[in-house]
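The structure appears below as structure tokens.
Protein chains in written order, with the numbering used here: chain V, 1 to 261; chain R, 1 to 447.
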């Protein structure tokens with residue numbers, strides 16, 4: 001697998017490159033800032049050999065803020081289907097949502113992992129494989145937080161404290177993604193669909209978001225493969241994903257994440 | 001305390017004596033001053049402020065509140081030369097010196113004429129003799145006169161002299177008090193100057209506060225950056241090395257031990273068993289080290305987040321509050337309303353203060369509102385300012401005025417530091433509702 005690696009800390013970049021090389025992956029380029037990342041991917045794509053996965057840090061030069069994330073979002077928009085894994089030091093729902101909110105978000109794999117996850121080498125390599133194959137992988141810790149945030153949306157739905165009337169906006173440049181969750185009603189629709197899932201089904205869906213296969217989910221929940229398959233089919237049905245829909249797993253996970261992140 | 005009372009009385013008498021002495025001094029210096037008046041008048045632009053300063057110094061010496069007109073820390077000569085063009089020269093120094101001169105004239109006559117009369121009255125009886133008879137005459141007033149030739153005949157003049165002396169000293173004391181009052185009144189900077197000085201002081205304080213807040217913000221950013229670039233990265237590198245080590249240990253376990261064939265034959269040599277055991281122990285150790293590193297990274301991440309959440313810096317207040325809901329220890333929903341332009345206009349000290357106030361309010365709600373409580377955060381932003389309401393449906397009863405409510409008091413203070421207000425409404429059993437209002441830009445940061 002051919003990988004482009006972007007991280008401004010040489011220590012981590014070299015370490016990660018060594019780790020990937022040891023595992024039999026090919027690191028075709030290493031860059032230290034967001035602009036170089038954009039250029040490098042463009043160069044490879046022009047040469048007719050785009051990378052199989054782009055792995056990038058969030059915080060990078062030139063501004064030292066979220067340049068890596070912005071570059072990842074731009075690359076996903078410019079090269080639909082380009083799998084991107086974002087390594088982050090932050091558990092931040094808004095970052096994840098922006099990453100997954102592209103115009104054709106279902107088309108390519110995406111991952112949002114906390115940096116320390118690279119220490120679990122086999123899990124990390126598995127995540128790379130899932131993303132390269134077009135799947136979505138989100139860090140379990142981020143998911144845990146999103147599930148907590150999600151439970152608050154549920155209680156809003158029960159009508160304990162009515163949400164205020166009026167538009168919801170985010171404060172900055174890329175606000176479109178956040179704004180449409182209230183304006184467009186997308187979040188509400190997805191939220192309602194999700195509300196139909198049983199707690200067990202939500203649990204299964206969250207594990208799917210971690211990038212686990214059915215048998216891995218079965219192992220984690222200590223149930224049979226058949227039981228997981230039944231839950232998954234039920235999830236697809238409740239989320240309105242007919243069998244002819246391509247890559248239903250990713251779509252189900254994206255629906256879940258869009259409603260929560 | 002009698003001793004203290006005595007001390008106070010002695011002090012008062014000392015001051016009175018001083019006042020009288022000073023008035024006497026003025027009387028004595030009257031003629032020389034009049035003689036010197038011509039050159040003094042010619043150089044009035046220098047002598048008047050000096051005389052005024054001297055009067056103020058004397059007044060201060062007797063305990064009056066008569067601050068020097070010369071600004072502290074500046075060169076005295078420059079001040080003296082420039083004094084004549086200042087309004088205070090004409091408003092304070094000139095009346096002070098002229099008034100002082102009038103007082104001195106009065107002193108001169110009171111002390112001079114009164115002194116002579118008292119002196120004659122006191123000395124007269126002692127020098128009265130047949131050769132030098134003393135004539136006490138009030139002929140012009142009541143047509144009465146008396147000629148004495150011995151002390152015995154006019155001894156009663158002595159008490160009159162004493163009474164005269166007391167009256168004389170009393171007059172001088174009154175003059176002294178009046179002079180002190182006048183000097184003090186003509187030494188205080190006038191209201192306008194005072195207002196200007198206070199305004200300058202307020203501006204100074206405001207810019208000081210702005211500098212302090214900026215410095216605090218910069219310090220937060222520095223700490224956050226250093227933790228992120230330093231400890232966090234090294235820990236991630238350590239996790240990576242441990243991961244690689246675990247990978248190698250795993251591979252090692254897969255390789256057949258040297259004694260593999262014997263194992264097949266059912267005879268496991270001690271060395272192979274020990275090797276397998278050591279490998280398993282090694283992998284377990286590496287895994288637990290990895291867990292430690294991950295736990296450190298988790299706590300470090302929370303610390304960094306607590307110092308300055310990246311999402312707040314990079315995405316602004318609204319997404320940061322949304323994110324906060326996911327971290328809140330109790331179910332929380334966040335709603336934000338307002339125009340994008342207004343949301344974007346919220347300045348950094350306000351976003352930081354509001355964010356941490358809401359975070360603290362949610363922590364408080366989780367702590368006191370009860371296990372089943374839920375919270376909501378409503379923010380609305382207009383061009384005129386922002387309002388954030390943090391409400392919970394818990395037990396209520398929070399009292400910002402109770403001595404234990406240091407958290408609420410601190411929060412109120414921090415909100416006030418950005419020119420905002422915090423209202424706390426917490427009826428017992430009715431939930432708690434904090435209403436925070438603030439301008440988009442703190443008053444001290446405005447141009």
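In this text, a Cβ means the ideal position worked out from N, Cα and C, and glycines have one as well. Please read these numbers as outputs of a predicted model, since none were measured by experiment.
Can you tell me which of the options puts its alpha carbon nearest to the alpha carbon of residue i?
i	options	result
residue 465 of chain R	R/229, R/145 and R/445	A query on residue 465 of chain R cannot be resolved here, the shown segment of chain R reaching from 1 to 447 and no further.
residue 71 of chain V	V/209, V/230 and V/31	V/31
residue 429 of chain R	R/410, R/409, R/442 and R/394	R/394
residue 510 of chain R	R/80, R/55 and R/118	Missing from the structure shown is residue 510 of chain R; chain R here goes from 1 to 447 and no further.
residue 408 of chain R	R/358, R/212, R/345 and R/334	R/358
residue 51 of chain V	V/214, V/196, V/133 and V/237	V/133
residue 320 of chain R	V/75, V/9, V/61 and V/95	V/95
residue 84 of chain R	R/52, R/130 and R/38	R/52
residue 4 of chain V	V/215, V/98, V/243 and V/83	V/83
residue 275 of chain R	R/255, R/286 and R/288	R/255
residue 21 of chain V	V/62, V/221, V/2 and V/38	V/2
residue 380 of chain R	R/336, R/233 and R/6	R/336
residue 388 of chain R	R/410, R/334 and R/344	R/334
residue 246 of chain R	R/233, R/287, R/435 and R/225	R/287
residue 249 of chain V	V/25, V/80 and V/137	V/137
residue 78 of chain V	V/225, V/97 and V/41	V/41
residue 442 of chain R	R/7, R/211 and R/220	R/211
residue 315 of chain R	V/97, V/216, V/146 and V/247	V/97
Taking buried to mean at least 16 other C-beta atoms within 10 Å of its own C-beta, is residue i buried or exposed?
i	result
residue 214 of chain R	exposed
residue 59 of chain V	buried
residue 228 of chain R	buried
residue 175 of chain R	buried
residue 444 of chain R	buried
residue 13 of chain R	exposed
residue 23 of chain R	buried
residue 43 of chain V	exposed
residue 311 of chain R	buried
residue 406 of chain R	exposed
residue 257 of chain V	buried
residue 158 of chain V	Its pLDDT being 35, under 50, residue 158 of chain V is placed unreliably by the model, and nothing is read from it.
residue 432 of chain R	buried
residue 46 of chain V	exposed
residue 121 of chain V	buried
residue 68 of chain V	buried
residue 235 of chain V	buried
residue 73 of chain V	buried
residue 115 of chain V	buried
residue 13 of chain V	buried
residue 201 of chain R	exposed
residue 8 of chain V	buried
residue 244 of chain V	exposed
residue 413 of chain R	exposed
residue 143 of chain V	buried
Pull up the CB-CB distance for residue i and residue j, whole angstroms please, since I reckon it's below 8 Å.
i	j	result
residue 151 of chain R	residue 128 of chain R	6 Å
residue 375 of chain R	residue 390 of chain R	7 Å
residue 228 of chain V	residue 218 of chain V	5 Å
residue 55 of chain V	residue 91 of chain V	Between residue 91 of chain V and residue 55 of chain V the Cβ distance is about 19 Å, and since that is not below 8 Å, they are no contact.
residue 332 of chain R	residue 377 of chain R	6 Å
residue 255 of chain V	residue 209 of chain V	Going by Cβ atoms, the distance from residue 255 of chain V to residue 209 of chain V rounds to 10 Å, so no, they are not a contact pair.
residue 109 of chain V	residue 130 of chain V	7 Å
residue 184 of chain R	residue 66 of chain R	5 Å
residue 65 of chain V	residue 313 of chain R	7 Å
residue 197 of chain V	residue 205 of chain V	7 Å
residue 438 of chain R	residue 385 of chain R	6 Å
Complete alpha helix (DSSP H) runs within the stretch 151-207 of chain R (minimum length 4 residues, chain order): 151-154 and 157-185
Only counting runs of 3 or more residues, tell me where the beta strand (DSSP E) segments fall wholly within the stretch 383-443 of chain R, in order along the chain. 385-392, 421-425 and 433-438
Scan the stretch 84-95 of chain V for residues whose Cβ lies nearer than 8 Å to a Cβ of chain R and list them as they occur along the chain. 89, 90, 91, 92, 93, 94 and 95
Chain V contacts from the stretch 222-255 of chain R (Cβ-Cβ distance under 9 Å): 225, 228, 229, 232, 233, 234, 235, 236, 237, 238, 239, 240, 241, 242, 243, 244, 246, 247, 248 and 250
Mind checking the stretch 12-36 of chain V against chain R and listing, in chain order, the residues whose C-beta falls within less than 8 Å of any C-beta there? 12, 15, 16, 18, 19, 22 and 23
Enumerate, from N- to C-terminal direction, the unbroken alpha helix (DSSP H) stretches of 4 or more residues contained entirely within the stretch 112-145 of chain V. 121-132
Check distances from the C-beta atoms of the stretch 113-128 of chain V to those of chain R and list, in chain order, the residues that come in under 7 Å. 115, 116, 118, 119, 120 and 121
Near-chain V residues of the stretch 379-390 of chain R - C-beta to any C-beta below 8 Å: 380
Every unbroken alpha helix (DSSP H) inside the stretch 22-52 of chain V [4 residues or more]: 34-46
Tell me which residues of the stretch 46-62 of chain V have at least one Cβ-Cβ distance to chain A shorter than 9 Å, keeping chain order. Chain labels in this structure do not include chain A; the protein chains are V and R.
Looking at chain V, which residues of the stretch 285-302 of chain R have a Cβ within less than 8 Å of any of its Cβ atoms? 290, 293, 294, 297, 298 and 301
Proximal residues, the stretch 311-325 of chain R versus chain V, C-beta separation under 9 Å: 311, 313, 314, 315, 316, 317, 318, 319, 320, 322, 323 and 325
Return the chain-ordered ranges of every alpha helix (DSSP H) run that is complete within the stretch 338-388 of chain R and spans a minimum of 4 residues. 340-344 and 348-368
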